[in-house]
Amino acid sequence: MEGAEILQNAVRLQHDIARHVVTRGNPDPSVLAGLDAAYSLDGSQVFGAAVLLAVPSLRVIGAATVGRKASFPYIPGYFAFREAPALLAALGRLERAPDLLMIDGHGIAHPRRCGIASHVGVITGIPSIGVARHLLTGRCDPPGMGWGETTPVTADGSVIGCALRTVAGVRPVYVSIGHRISLQNAVSITLHTSTGFRIPEPLRVAHRLASHVRDRDVRAFIWLDADALP
DNA sequence: GCGACAG
DNA sequence: ATCTTGTCGC
Numbered sequence: 001m002e003g004a005e006i007l008q009n010a011v012r013l014q015h016d017i018a019r020h021v022v023t024r025g026n027p028d029p030s031v032l033a034g035l036d037a038a039y040s041l042d043g044s045q046v047f048g049a050a051v052l053l054a055v056p057s058l059r060v061i062g063a064a065t066v067g068r069k070a071s072f073p074y075i076p077g078y079f080a081f082r083e084a085p086a087l088l089a090a091l092g093r094l095e096r097a098p099d100l101l102m103i104d105g106h107g108i109a110h111p112r113r114c115g116i117a118s119h120v121g122v123i124t125g126i127p128s129i130g131v132a133r134h135l136l137t138g139r140c141d142p143p144g145m146g147w148g149e150t151t152p153v154t155a156d157g158s159v160i161g162c163a164l165r166t167v168a169g170v171r172p173v174y175v176s177i178g179h180r181i182s183l184q185n186a187v188s189i190t191l192h193t194s195t196g197f198r199i200p201e202p203l204r205v206a207h208r209l210a211s212h213v214r215d216r217d218v219r220a221f222i223w224l225d226a227d228a229l230p
C-alpha cells in the first residue's frame with residue numbers, strides 16, 4: 001500500500017468513527033484515567049501511559065505503560081494513527097477499567113470531528129474528553145483572564161469545543177468532547193481536575209510517567225502500581 | 001497557489 | 001513530540 005492510499009483509508013475510518021461519537025452524557029466518574037505518550041529521540045518508538053486517579057481526591061490508584069514501535073508518522077489530523085495504539089495497549093493493562101478517559105489531544109475539535117480522544121473513546125466505548133494545548137481547527141475568541149472562564153471554539157457554524165482558562169492569566173487549554181459526554185461536563189471535569197497548573201492533573205501524571213519509562217527501562221515498568229510511581 | 005497544522 | 005540554560009518572579 002502506498003502513502004496516499006493509506007491516508008484515504010485513514011480518512012474513511014475517521015468518518016466512520018465520527019458517526020459513532022455520542023455528544024451527550026453526564027458521567028460522574030469515581031475513577032478516571034489520564035492517557036499520554038512520549039517518544040524516543042528519533043521518533044521511532046512510542047511509550048504509552050495510562051494512569052488511574054480517584055475522583056475527586058485525584059490520588060493515583062494505578063497505572064500501566066507500554067513501549068512499542070511507532071508505525072505511523074505524525075501528520076496533523078492523523079495523530080491517532082500514531083499514538084492511539086500505544087494508549088490502547090496501556091489502557092488494556094490497567095487492573096480495572098476507568099469510568100472516563102482524559103486524553104492529550106482533541107476530540108471532535110478536528111477537521112473530520114474525529115481527533116484521538118474520539119477515536120479512543122469510540123473504540124473502547126468509554127466516555128472520553130480531549131484536552132489540547134493548541135487549536136488544530138476552528139477558531140475562538142480568547143476567554144476572560146479569570147480562572148474557569150471559557151469561550152466557544154467554532155467551525156462551520158457549530159461549536160466543536162471550548163477554550164478553558166485553567167489558571168488565571170495563563171494561556172487556555174482547548175477542551176472538546178471525545179465520546180459519550182457533553183461539552184459542559186467535559187469542561188467541568190477538566191476544570192475540577194486542574195490543580196493550579198495549566199494542564200489537568202491526570203494528563204500531568206500520565207505525561208511524567210510516559211517520559212519516565214522512556215528514559216528508563218520500559219521492561220521494568222510494564223506493570224506499575226501507585227507505590228512504583230516516581 | 002498560500003498558509004495552517006493536536007503531539 | 002524532542003533538544004536545551006539560565007532566568008525572572010511569586
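Note that full-length UniProt numbering has the first sequence beginning at 1, numbered continuously upward. Beta carbons: idealized from backbone N, C-alpha and C, even for Gly.
(request) Would you mind sorting residue 139 into buried or exposed? The rule is 16 or more other CB atoms within 10 Å of its CB. (result) exposed
(request) Would you kindly work out how many angstroms separate the C-alpha atoms of residue 148 and residue 132, rounded to a whole number? (result) 16 angstroms
(message) Mapping the DSSP letters down to three states, classify residue 186 as helix, strand or coil.
(response) helix
(request) Answer with buried or exposed for residue 41, where buried requires no fewer than 16 other C-beta atoms within 10 angstroms of its C-beta. (result) exposed
(request) Spatial neighbours of residue 89 within its chain, please: CB distance less than 8 angstroms, with the 5 preceding and 5 following residues excluded, ordered by chain position. (result) 48, 66, 68
(request) Give the range of the alpha helix (DSSP H) segment to which residue 123 is assigned. (result) 116-124
(request) Determine the closest residue to residue 202 out of 24, 175, 102, 4, with distance taken between C-alpha atoms. (result) 102
(request) Could you tell me the distance, in whole angstroms, from the CA atom of residue 181 to the CA atom of residue 27? (result) 7 angstroms
(request) Name, in chain order, the residues that DSSP records as bridge partners for residue 100. (result) 32
(request) Compare the C-alpha of residue 34 against each of 71, 1, 45, 126 and name the closest. (result) 126
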